[in-house]
Each structure stands twice: as structure tokens, then as C-alpha cells.
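Visitor:
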Amino acid sequence: MSLSSLTVFNFGYLGLSNIIRNCSRLLVAISFALTLAACGGGGGDSGEEVIIEVPVDDATDAGSEVAVDTTAPIITLNGDAEVNAEFGSTYTDLGATATDDVDVVVDVITTGVDVIDTSSFSTYTITYTATDAANNTTTKTRTVTVVDTTPPVITLADDEDFNLVQNNRYSKYSESGATAFDLADGDINVVITGDVDHSAIGTYTITYTATDNSNNITTLSRSVNVEEQTPFITVWDTNPAGTNFSSASNQIIIGTDGSGYNFTVDWGDGIIEENLTGDTTHTYSAEGEYTVKITGEFPGIYFGYHTRGYDNDKLLSVEQWGNNPWQSMENAFNETNQMTFNATDAPDLSQVTRMNNMFYDCLAFNSDISHWDVSNVTNMSAMFEETNSFNQDITAWDVSSVTNMSRMFKYADAFNQDISAWDVSSVTNMSEMFANTEIFNQSLNDWDVLNVTDMHDMFSVAEAFNQDISQWDVSNVTTMDRMFYKAEVFNQDISQWDTSSLVNASNMFNGATAFDQNLGEWDMSNVTNVTNMLSSSGLSTVNYDALLNGWSTQILKPNLNFSTNATVSSAGLDAWQYIENTYNWVFNHNSPF
Numbered sequence: 001m002s003l004s005s006l007t008v009f010n011f012g013y014l015g016l017s018n019i020i021r022n023c024s025r026l027l028v029a030i031s032f033a034l035t036l037a038a039c040g041g042g043g044g045d046s047g048e049e050v051i052i053e054v055p056v057d058d059a060t061d062a063g064s065e066v067a068v069d070t071t072a073p074i075i076t077l078n079g080d081a082e083v084n085a086e087f088g089s090t091y092t093d094l095g096a097t098a099t100d101d102v103d104v105v106v107d108v109i110t111t112g113v114d115v116i117d118t119s120s121f122s123t124y125t126i127t128y129t130a131t132d133a134a135n136n137t138t139t140k141t142r143t144v145t146v147v148d149t150t151p152p153v154i155t156l157a158d159d160e161d162f163n164l165v166q167n168n169r170y171s172k173y174s175e176s177g178a179t180a181f182d183l184a185d186g187d188i189n190v191v192i193t194g195d196v197d198h199s200a201i202g203t204y205t206i207t208y209t210a211t212d213n214s215n216n217i218t219t220l221s222r223s224v225n226v227e228e229q230t231p232f233i234t235v236w237d238t239n240p241a242g243t244n245f246s247s248a249s250n251q252i253i254i255g256t257d258g259s260g261y262n263f264t265v266d267w268g269d270g271i272i273e274e275n276l277t278g279d280t281t282h283t284y285s286a287e288g289e290y291t292v293k294i295t296g297e298f299p300g301i302y303f304g305y306h307t308r309g310y311d312n313d314k315l316l317s318v319e320q321w322g323n324n325p326w327q328s329m330e331n332a333f334n335e336t337n338q339m340t341f342n343a344t345d346a347p348d349l350s351q352v353t354r355m356n357n358m359f360y361d362c363l364a365f366n367s368d369i370s371h372w373d374v375s376n377v378t379n380m381s382a383m384f385e386e387t388n389s390f391n392q393d394i395t396a397w398d399v400s401s402v403t404n405m406s407r408m409f410k411y412a413d414a415f416n417q418d419i420s421a422w423d424v425s426s427v428t429n430m431s432e433m434f435a436n437t438e439i440f441n442q443s444l445n446d447w448d449v450l451n452v453t454d455m456h457d458m459f460s461v462a463e464a465f466n467q468d469i470s471q472w473d474v475s476n477v478t479t480m481d482r483m484f485y486k487a488e489v490f491n492q493d494i495s496q497w498d499t500s501s502l503v504n505a506s507n508m509f510n511g512a513t514a515f516d517q518n519l520g521e522w523d524m525s526n527v528t529n530v531t532n533m534l535s536s537s538g539l540s541t542v543n544y545d546a547l548l549n550g551w552s553t554q555i556l557k558p559n560l561n562f563s564t565n566a567t568v569s570s571a572g573l574d575a576w577q578y579i580e581n582t583y584n585w586v587f588n589h590n591s592p593f
């Protein structure tokens, strides 16, 4: 018998479980057949089919069938089935997972997330679908509702709290209002409640309420404190060492400016005067120093020039500013040559816009005023002019409202503080600002001077100034006459300045003996005055030739006189003659021709 003749195995009906259980029977049958063939046995003829039957345990598996998977996966949501999404937010879905009794891993397909728009109020449905290997499918949903639970944001128009002086016309509470914005509804109306009694000392509450369309409510409040007035305290000497005063040796004069006064003075000798409305003179029984206290409506102290009848030299010190709501500091301490500040508090300058001439010619003044709030001041003209001793740190001052800084530090011989961080973007007038300063030499290159129109004499006779100001945008400046007049050390490259608005450049560098820069690229098309522009300057032949060659390519104003001590060479000859012949300029310069 050959192995090939063993062709039929009759297993009968085998279910999967019977096949597994009868594997050993099958292996035994196969082993027997192979042995029989090897021995040539079998008892049959050659080619006879041999049938080996493997018994099946019919009793165990009779009537069994193949199992079929008809159970769908189970989906479990991560998070709740109903959720809210905040209006205007980015919705992030938590997703879902699926399990199956047969398959190990079943993917979940999510649809509907991409259509959720939180910029509008609506309800969206997210669908999760899972399908197993037997194609059993299940779905589950999540409902997403866009809601607004964020209250409006209230913004007050000014500081949160107010301190007012009792019964003072310059210290009244004036509601400046508030605004409210809601992410869903935009601008929201603000309801303001609360009153202030200016006649009664106390703390009053003003409440601001805003409610959006989803009934989200925001409230904000501020306190308004009505306080008893604290006095403005000064010390005077009726008979000082100086000569800058007008009254007798046992008198003092308190100066006022204009109207709006109704004040009380405690003269320091037991006498108190009330209801004063203007300049007032007090006579003491004896010469000496007296402490004077002022309360009431006193918008400003005023010292004009002594020839106008004021006691400038008799004021020795300011001991306390008090809570007086000052209205002006114009000429406040003009020529008070003996005066100093011992006060540790700061004046209330919240309503002050004018500080021009405030410390003009205060020869001894050098007190710390770094903590003053000058953010509402617009005029600082001549504020420290001829304040020869002043050199205090005013770096942190907020000067963003100032428009006039003319003569601000003129003749301020000791001043040399870093003011590079000042916001001067509102300033239009810087004329004579640092004129005649002896030691000032600080960086100013970062200043925004775009709105400045007048720079005449700005650094005139500034003995030490030689800083880089090449980054200045001077495109709106019309007046630069005498800007660097006799500024003997200044020699910075300002060749790229935009001078398209410049009209007056007369004497601009006259006497600036160190200045030697190429100004050939300056736009001179609107200039009408160049008289002595570079007279007695340090301008070299090379840079003078470059100036002529550059200017000759422009359309210039006719009939101008130009002076310089520089010498023109053959390199600038044609340009010089072109300007002279075409525009009828008169040149006063050195020429070898």
C-alpha cells in the first residue's frame, strides 16, 4: 500500500469545538496510516482505496452550529451628553470610546464638531458612531448649546476713587461716566447710582451696574471721600537778607492771580483773616519769621516780578502743600530766591495745566519734586529758566500732555538729569529749551519730536551738548534759526534729517565751531532764510562742496543770502555758480577763484 492510496479521511460532521477536542484522534489516525504504508500491509490489492474513519463525539456536538456575532459595540461618552459652550469661546470636544464583546478595538467616528459656531446662539448635535468587524453599528449623540454666562466688563472713565475737599468750589465731584462692553451683546448701558454731599465729611459710594441680554450682571463701585481741608503752610521772613521785595520790613504780601479766590489766612501771630479774594498784605507787630497757613478757595499763589509789588525774597519755604486743589502754577514762585521745599507731601496738580515760569530765577531752589503728578500739565515754558541750582531727578515725570517746553531749562546751569524716556510726543514748541545750559549733555535720540514746529535756539550756546539726535523726525519743524548758535562742541551727523518743512535756518550753526557735517541731502526747497547759517562754523571744504552739489539739484527759493567761513573748491564751483546764477543767491564764503 502506498501513501498516495490513502485518499479519504471521513471525519463526519465536525464542529469547531469537536475538531479541537479530537485533534489527538486525527493525529493518531494519520500516524497509523503512515505506518501501514511503510510496512506494505493493509491486506488489500495494489491501488485499493483504504478508508480510515476517525470517530466523532456525536453525543457531545450533535446538532451544534457555527456562532454568529450580532451584538453592536457600546459607546461611552467622555463627559456629559448635554453640555454648554461659552459664547465666543473655542469648543473642544471630549470625544467618546467604544467597547465590543468580540472585537478588541473599535474606532469611534465623530461628526458635527466642525459646524459648531460659538459666535451665535444655537444648539448643535455631535454624533458618535462605532462599527465592529461583524458590521454591527451603534450611535450616540451629545447636545452642545452655545450660552452666554460671562458678565459685561465695566470701565470707569477716570480713577476709581476721589478725594474731595469739603465746601470748595474747585473740589466738586463730577461724574465722568463709565462704559460697558459685553462679548455677546457689544456695548451695554451703564446705570449709575449714588450721590455725594460736598458739605458733609464722609465716604460716599457711587455704583455702576451693567446687565447684558442673558441677564449677566456686573457691578462696580467707587468711593468718594469728602475731607476736611488741610492748610497750605509756608514760612516767611519779613526782613530778609535779599532785596527782592516790596513791602515794609514788618509786612508780607501774598500774591494772587485773577479771580476765583475766597480764602482764610492764619498769619501766625494770632490773627486770622477770612473771606479774602485777592492780593493781601499783613502787618506784624515785629519783624521776624512767621508761619502762614492758608485754607479755603485758593487756586494759586503768584509772584510776579518784584517790580510789580510782590515779596519774592520774603518767602523762605513751603512746609506743607495740604489738599488744596491747585488750578495754576504759572509764576507761582517766580524769583523767590530764598525759597526751598521742606514739604514731604505733594501738591494736588490734577487740575493744573500751566506751570510756565513756575521756578523762573529761583536761584537757590533744588528740592525733590520727583513725586509730583504733572500728567495734566500742558505748558512748562521757562519752568526752570535760570534756576541755577536745580538738578533733581525728574526722569519719571509724565509730560505726555505738555505742548510747550520753550525755555524750559534755559540757563539752568546745574541741570544734567536723564530725561531720555520722556514722552514729548505732544510738544509743538521746543524753542530755547536747552539754551545757555552749561553742563547738560544727556541722550535725547529716542524723543518723538514729530509734532514740534519750532526749534529756534533750542541748543543755542549749549556749552556741553554733543549727543546723537540723528533719529529725530523733524519733518514738521519750520523754524530752526539759531538752533545750534555757538554750540561750540556739537558735531553730530544729522545729514538725514527731513527738512522738507523748514523755512527759517538763519544763524542755525553760526559760531558752532566744531560742526562739520554734510548737509547736501537736506531738503531746502521751502527755506526762505539762510542768512549766516554756517558762519563761523567748523564746516570743511569737503562738506561745503557736498552741500553745494546737493542743493544745486533742488528747486530753491530766490534772492537769499548765504554765509559761511568754509572754502569752496573746484569740486563745488559749478554748483555754487549754478545756484548763484539761477536763484540769485548771494554767497559770502572763502573762494580761491
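When we follow the UniProt record's numbering, the leftmost residue of the sequence shown carries the number 1, and every step to the right adds one. No residue lacks a Cβ here, since even glycine has one placed at the ideal position from N, Cα and C.
1) Reducing DSSP to helix, strand and coil, say where residue 312 ends up.
2) Please name the residue in 152, 177, 176 whose C-alpha comes closest to that of residue 186.
3) Check whether the stretch 330–347 and the stretch 272–289 touch, using three or more Cβ-Cβ pairs below 8 Å as the test.
4) Output the boundary residues of the beta strand (DSSP E) element that contains residue 397.
5) Tell me whether the beta-carbon of residue 538 lies closer than 8 Å to the beta-carbon of residue 516.
6) When the distance is taken between beta carbons, is residue 376 closer than 8 Å to residue 395?
7) Quick test of the definition: if touching needs 3 or more C-beta pairs under 8 Å, does the stretch 445–462 touch the stretch 424–437?
8) Using 10 angstroms around the beta-carbon of residue 209, count the other beta-carbons present and answer buried if the total reaches 16, otherwise exposed.
9) Mark residue 351 as exposed unless 16 or more other C-beta atoms lie within 10 angstroms of its C-beta, in which case mark it buried.
10) Give the DSSP-derived three-state secondary structure of residue 570 in the structure shown.
11) Tell me which residues share the same chain as residue 333 and place their Cβ nearer than 7 Å to its Cβ, disregarding the 5 neighbours each side in the sequence.
12) Where does the unbroken beta strand (DSSP E) through residue 551 begin, and where does it stop?
13) Mapping the DSSP letters down to three states, classify residue 505 as helix, strand or coil.
14) Would you kindly work out how many angstroms separate the C-alpha atoms of residue 495 and residue 522, rounded to a whole number?
15) To which residues of the same chain is residue 441 closer than 8 Å at the C-beta, ignoring the five residues directly before and after it?
16) Express the C-alpha separation of residue 103 and residue 53 in angstroms, rounding to a whole number.
17) Which of the three DSSP states is assigned to residue 463 in this structure?
18) What is the DSSP secondary structure of residue 522, reduced to helix, strand or coil?
19) Is there contact between the stretch 164–173 and the stretch 109–126, where contact requires at least three CB pairs shorter than 8 Å?
20) Helix or strand or just coil, what does DSSP make of residue 348?
21) Locate the beta strand (DSSP E) running through residue 227, then write down its first and last residues.
22) What do you get for residue 381, buried or exposed, if any count of 16 or more other CB atoms within 10 angstroms of its CB means buried?
23) Between the alpha carbons of residue 179 and residue 219, how many angstroms are there, rounded?
24) Three Cβ pairs or more, each shorter than 8 Å: is that satisfied between the stretch 469–483 and the stretch 495–508?
25) When you compare only the Cα positions, how much space is there between residue 291 and residue 399?
26) Helix, strand or coil, according to DSSP, for residue 581 in the structure here?
27) Give a yes or no on whether the minimum CB-CB distance between residue 106 and chain E is below 8 Å.
28) Whose C-beta lies closer than 6 Å to the C-beta of residue 211 among residues of the same chain, with five residues either side of it excluded?
29) What does DSSP give as the partner residue(s) for residue 404 in the beta ladder?
30) Report the partner residues of residue 282 according to the DSSP bridge assignment.
31) In the DSSP assignment, find the beta strand (DSSP E) that holds residue 371 and state where it starts and stops.
32) What number of angstroms, rounded off, separates the C-alpha of residue 407 from the C-alpha of residue 458?
33) Given this structure, state the Cα-to-Cα distance separating residue 592 from residue 569, to the nearest angstrom.
34) Taking the Cβ atom as the reference point for each residue, do residue 283 and residue 250 lie within a distance shorter than 8 Å?
35) Let me check understanding here. Comparing Cα to Cα, which of 513, 327, 391, 529 lies closest to residue 565?
36) Whose C-beta lies closer than 7 Å to the C-beta of residue 493 among residues of the same chain, with five residues either side of it excluded?
Guide: This is what the structure gives:
1) helix
2) 152
3) no
4) Where residue 397 is concerned, there is no enclosing beta strand (DSSP E), given that its DSSP letter is neither H nor E.
5) yes
6) no
7) yes
8) buried
9) exposed
10) helix
11) 303, 339, 358, 359, 362
12) Note, residue 551: premise wrong, no beta strand (DSSP E); alpha helix (DSSP H) at 541–551.
13) coil
14) 7 Å
15) 416, 464, 465, 466, 467
16) Bear in mind that the predicted position of residue 53 carries a pLDDT of just 49, short of 50, making it unreliable; the figure below should be weighed with that in mind. Going by the C-alpha atoms only, they are around 37 Å apart.
17) coil
18) coil
19) no
20) strand
21) 217–227
22) buried
23) 12 Å
24) yes
25) 33 Å
26) helix
27) Of the protein chains in the structure, only one exists, and it is not chain E.
28) 217
29) 379, 429
30) 252
31) Careful: residue 371 lies outside any beta strand (DSSP E) and carries neither H nor E.
32) 8 Å
33) 7 Å
34) yes
35) 513
36) 470, 517
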